[in-house]
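In what follows, a structure is listed as structure tokens, so that the remarks can point back to it.
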Amino acid sequence: MTTFLLVIVVLPIAAVIWKSTGNGWAGFWEVVSSPQAVAALKLTLVISTLAVLTTAVFGTVIAWVLVRDSFRGKSVVNAIIDLPFALPTIVAGLVIMALYGPRTPLDVTIGSFHVDADVTFTRGAIYVALLFVTLPFVVRTVQPVLIELDRELEDAAKSLGAGGFTTFRRIVLPAILPGILSGVAMAFARAVGEIGAIVLIAGNLPFKTEVASIHLFYRIEQDPEGSAAIAVVLLAISFGVLLGIGGLRWFVTRHERG
Amino acid sequence: MGRLSLRVVALGYLTLILIGPLAMMVWRTAEDLDGAWAAITDPDTVAAFELTLKVAAIAVAVNTVFGIVCALVIVRGNIRGRGLLNAFIDLPLALSPVIVGFALIALYGVNGWFGWFQRNGFEILFATPGIVLATIFVTLPFVAREVVPTLREIGTEQEQAAQTLGASGWQTFWRITLPSIRWAVVYGVVLTTARAIGEFGAVALVSGNIAGQTQTATLRVEDAYQFAYGNYAPAYGISFVLAATAILILVLMIVLQPKGTRH
Amino acid sequence: MSISIRHITKRFDDFVALDDVSVDVAKGSLTALLGPSGSGKSTLLRIVAGLETADGGAVFIDEQDVTGRPPQKRGVGFVFQHYAAFKHMTVHDNVAFGLAIRKRPKAQIAERVNQLLRLVQLEGLAKRYPSQLSGGQRQRMGLARALAIDPAVLLLDEPFGALDARVRAELRDWLRRLHDETHTTTVIVTHDQEEAMEVADQVAVMSEGRIEQVGSPREVYEQPANEFVMTFVGQAHRLGDTFVRPHDLEVTLEPNGSTREVMIDRIVHFGFDVRLDLVDGDGERLSVQTTRDQAELLELGSGQIVYVRPTRATTFA
Chain S
1094 MTTFLLVIVV
1104 LPIAAVIWKS
1114 TGNGWAGFWE
1124 VVSSPQAVAA
1134 LKLTLVISTL
1144 AVLTTAVFGT
1154 VIAWVLVRDS
1164 FRGKSVVNAI
1174 IDLPFALPTI
1184 VAGLVIMALY
1194 GPRTPLDVTI
1204 GSFHVDADVT
1214 FTRGAIYVAL
1224 LFVTLPFVVR
1234 TVQPVLIELD
1244 RELEDAAKSL
1254 GAGGFTTFRR
1264 IVLPAILPGI
1274 LSGVAMAFAR
1284 AVGEIGAIVL
1294 IAGNLPFKTE
1304 VASIHLFYRI
1314 EQDPEGSAAI
1324 AVVLLAISFG
1334 VLLGIGGLRW
1344 FVTRHERG
Chain G
527 MGRLSLRVVA
537 LGYLTLILIG
547 PLAMMVWRTA
557 EDLDGAWAAI
567 TDPDTVAAFE
577 LTLKVAAIAV
587 AVNTVFGIVC
597 ALVIVRGNIR
607 GRGLLNAFID
617 LPLALSPVIV
627 GFALIALYGV
637 NGWFGWFQRN
647 GFEILFATPG
657 IVLATIFVTL
667 PFVAREVVPT
677 LREIGTEQEQ
687 AAQTLGASGW
697 QTFWRITLPS
707 IRWAVVYGVV
717 LTTARAIGEF
727 GAVALVSGNI
737 AGQTQTATLR
747 VEDAYQFAYG
757 NYAPAYGISF
767 VLAATAILIL
777 VLMIVLQPKG
787 TRH
Chain U
16 MSISIRHITK
26 RFDDFVALDD
36 VSVDVAKGSL
46 TALLGPSGSG
56 KSTLLRIVAG
66 LETADGGAVF
76 IDEQDVTGRP
86 PQKRGVGFVF
96 QHYAAFKHMT
106 VHDNVAFGLA
116 IRKRPKAQIA
126 ERVNQLLRLV
136 QLEGLAKRYP
146 SQLSGGQRQR
156 MGLARALAID
166 PAVLLLDEPF
176 GALDARVRAE
186 LRDWLRRLHD
196 ETHTTTVIVT
206 HDQEEAMEVA
216 DQVAVMSEGR
226 IEQVGSPREV
236 YEQPANEFVM
246 TFVGQAHRLG
256 DTFVRPHDLE
266 VTLEPNGSTR
276 EVMIDRIVHF
286 GFDVRLDLVD
296 GDGERLSVQT
306 TRDQAELLEL
316 GSGQIVYVRP
326 TRATTFA
């Protein structure tokens, strides 16, 4: 039974990997090192990393505010966090377009100061889209850890003379780090694979705003074997990140194990 | 940092990234309600909604069973490899939808491992079955992930008690195990539904995107945007319906959360 | 229905949980499996119930070999330490479960359930859910549930372990009286020696997967088979090669032949009982259990030098 279930999950991946071997190593390498593919992969990695780091910082702040602060409407705010989970990605793309697209109301000029929030066809678009999509991941993994955190530890630190930020840095942060790392891992895997939220707003200009998933998307029709090669690279990145962060988590929590 | 300044930062970020765009989108839809309504009631759009719902229903049904079985194997199974299953079940979450779509083509396309079907008239790709398969795969983990911790927490004592009282394996499952995990299952179903309705990338690859036949609601939104020619009302209108559905699902999620789920 | 356990062995990887264990439980009796954690007593009970399978040996219930049978087919009622209440069912449905499974007619079930709820003093709570009951009430429900199927034998796995002291004492008493009424063959697992003594007809003392001694509570206390039994069941002091119980030490103000010289470190008053904490010349500590009257008679005080001698001592070969 377990094998049957495992097969269902693993079979599609196996098929992709198999397909990528269609042209042999040489063919594989040729596709993967083609300028457009490289550009797409580089863009994906760089922007995903930037977006995920941003989400990690702000997500933690938001989680903190949701757990430790109280204000009217907090429960509504808490609920909205899950919206990117529940919303179809293409709709997310459109939602972002509404504020950051061609007809954005945020287009003001005050003297020589000009703000135009229209980011269509720019890398900024991808960045914002990824921020939207990855938001819940860090918030939802940090919240439970923060809730469980024993306040007494912070009180002890304060009674020993530690100021607010020091307490955060030395007591709270180490405790919530595993939560942040989990969120980051999932967020990164999601960011690297995202297509729906990006496809409308980015414009998919090769070498400029074409991410790996979209490059792959358009390539599949014409060149299945080559596309498989790129897919395998994306797979490897996902696995690599998951393993890497898993390992980091394991390392960070080593003191908690017996 | 002061409490107030943190709050401002958090809420400010949320406004910029989440609330602002959402509000804007609702505004845009309201700007041309007629256009939006016309698009929503267009026969092809209705067909798209129907297809999305149909596919979602099938995916939910299949993955509920799959998820419960998986969870039972992972938590209660005696076979080696269940740890592996637990790790791998998260796989669809980490994969790009494009890869999922591609995998299905690799499997069921004319040149695929199971290409026999496509070649002999049992259309999987560019037809509903392909869409269903893609959606099933991307929504695979949700029910299992919710049920596993609940099953672990409950422990086996209730089931052992049932056994000593004479219940057979099946009776134990129906009367004791299933009721004790029901809220986890429901929550998992809600997540599955949201994801199934929202799927885009994988379905875009395998469906053929034929309006009125193999075009799901999400594909229709993209279609409406790409061919908007300045009139974005249809795209916003259909999006609004999907967003409203998502918010409904969100409300369900909040309502069900306290009933013993992990968050 | 008698229980016969023959040469049961059970291993968990390298750990030997049960090593050739044999014991008989007479029909209608209440036997306690008494021992410290890790002695194998729970494992043995679960093997009798069919919730675990033994690696070797056999279990007979009412002279029938049930070793290969699943728990459903053994006719055992099992009561769990943490109640194993069916949380999503009412008290009534919990108790009725075994009967509902057997497809008894509803009216019959309702009658039996009400009868049992009266027996365990939970009448009126039939519509409540386990989460609305106290620990003691949940355990009584567990008992009613197990009794509902008219089990051949009743097995209780540290049933009062999760309850606080007063409730434990009440339920202990109540269990004994229940047994006197129903005469169901019962086996109770406990690590609490007082509980075993109070409740059981027969005590089987276990340690490290083996049965050390089987006997009535009195036998096990007064004629312990070995050092383990003597020190586990009641208290005992080792004096050289012999073992003495604290209440078998006589205190005198003058030395007398085989007495030892000790100093009273502390006198603890437990109402009627008095415990004298003593220290001898080598710094060894000893305690004597005596009565308040005795202590007053001898006018004992802290710091005083007195002499002790065993009135009864046991030596093991």
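Order-wise, the sequence lines are chains S, G and U. Under our numbering, the residues of the first sequence are numbered 1094 to 1351, in order. Under our numbering, the residues of the second sequence are numbered 527 to 789, in order. Under our numbering, the residues of the third sequence are numbered 16 to 332, in order. Beta carbons: idealized from backbone N, C-alpha and C, even for Gly.
Using a Cβ cut-off of 7 Å, pull out every chain S residue sitting near residue i, in sequence order please.
i	result
A620(G)	A1282, S1331 and L1335
P623(G)	G1286 and I1288
Can you list the residues of chain G that residue i reaches, using a CB-CB cut of under 9 Å?
i	result
I116(U)	A688, L691, G692, A693, S694, Q697 and R701
L66(U)	Q686, Q689 and T690
F27(U)	Neighbours of F27(U) on chain G: none; closest Cβ ~14 Å, over 9 Å.
Can you list, in chain order, the residues of its chain whose CB lies under 8 Å from that of residue i, leaving out five sequence neighbours each side?
i	result
K1167(S)	L1159
A1132(S)	P1299, F1300 and E1303
V588(G)	I662
Specify the secondary structure class of residue i as computed by DSSP and reduced to three states.
i	result
F101(U)	coil
V294(U)	strand
G1351(S)	Reliability of the predicted coordinates at G1351(S) is poor, the pLDDT of 45 falling under 50, and the value obtained from them is presented with this limitation in mind. DSSP places G1351(S) in coil when its eight states are reduced to three.
I1110(S)	helix
R119(U)	coil
G786(G)	For G786(G), the predicted structure reports a pLDDT of 44, less than 50, and the residue's modelled location is therefore unreliable. A value from the coordinates is still provided. Note: G786(G) maps to coil in three-state DSSP.
G139(U)	coil
H284(U)	strand
G72(U)	strand
K25(U)	strand
D34(U)	strand
S1163(S)	coil
Q304(U)	strand
Does the beta-carbon of residue i have 16 or more other beta-carbons within 10 angstroms, so that it is buried, or is it exposed?
i	result
W1343(S)	exposed
G1351(S)	For G1351(S), the predicted structure reports a pLDDT of 45, less than 50, and the residue's modelled location is therefore unreliable. The matter cannot be settled from this model.
T200(U)	buried
H22(U)	exposed
T590(G)	buried
A637(G)	The question names Ala, but residue 637(G) is Asn in the sequence shown. Exposed: under 16 other Cβ atoms inside 10 Å.
V624(G)	buried
R1262(S)	exposed
E685(G)	buried
Whose C-beta lies closer than 6 Å to the C-beta of residue i among residues of the same chain, with five residues either side of it excluded?
i	result
S733(G)	I657 and T740
D320(U)	The sequence shown places Ile at residue 320(U), not Asp. If we look at I320(U) and ignore the five residues flanking it on each side, its Cβ neighbours are M278.
D28(U)	none
L1223(S)	A1144 and A1284
V289(U)	T305, R307 and A310
I1323(S)	A1130 and L1309
V599(G)	R608
What does residue i touch in chain U if you count any residue whose Cβ is under 8 Å from its own?
i	result
P675(G)	Per Cβ cutoff of 8 Å: no residues; P675(G) is ~16 Å from chain U at best.
Mind pulling the chain G residues with CB within less than 7 Å of residue i?
i	result
K1135(S)	Residues of chain G passing the Cβ test: none, with the nearest at roughly 16 Å.
V91(U)	T690
W1157(S)	L532
A1191(S)	P547, M550, M551 and R554
L1368(S)	In this structure chain S extends from 1094 to 1351, so residue 1368(S) is not present and cannot be described.
V1184(S)	V747, S765, L768 and A769
So if DSSP puts residue i in a beta bridge, which residue, or which two residues, is it bridged to?
i	result
Y322(U)	T267(U) and E276(U)
V669(G)	According to DSSP, V669(G) bridges with nothing at all.
A219(U)	L48(U) and V229(U)
R253(U)	F258(U)
I203(U)	A47(U) and L171(U)
I1203(S)	F1206(S)
Q79(U)	I76(U)
Going along chain U in order, which residues have a C-beta closer than 7 Å to the C-beta of residue i?
i	result
E683(G)	F95, H97 and A99
F705(G)	Residue 705(G) is actually Pro in this sequence, not Phe. Going along chain U in sequence order, the residues near P705(G) (Cβ under 7 Å) are H103.
Here's a check: name, in chain order, each residue in its chain whose Cβ is nearer than 7 Å to the Cβ of residue i, leaving out the five neighbours to either side.
i	result
R187(U)	F175, E210, E213 and V214
E269(U)	Y322
Going along chain G in order, which residues have a C-beta closer than 8 Å to the C-beta of residue i?
i	result
R225(U)	Those within 8 Å of R225(U) in chain G number zero; the least Cβ separation is about 26 Å.
I20(U)	Correct list: empty, because the minimum Cβ distance to chain G is about 18 Å.
Along chain S, which residues have their Cβ under 8 Å away from the Cβ of residue i?
i	result
V626(G)	P1105
Y539(G)	F1151, V1154 and I1155
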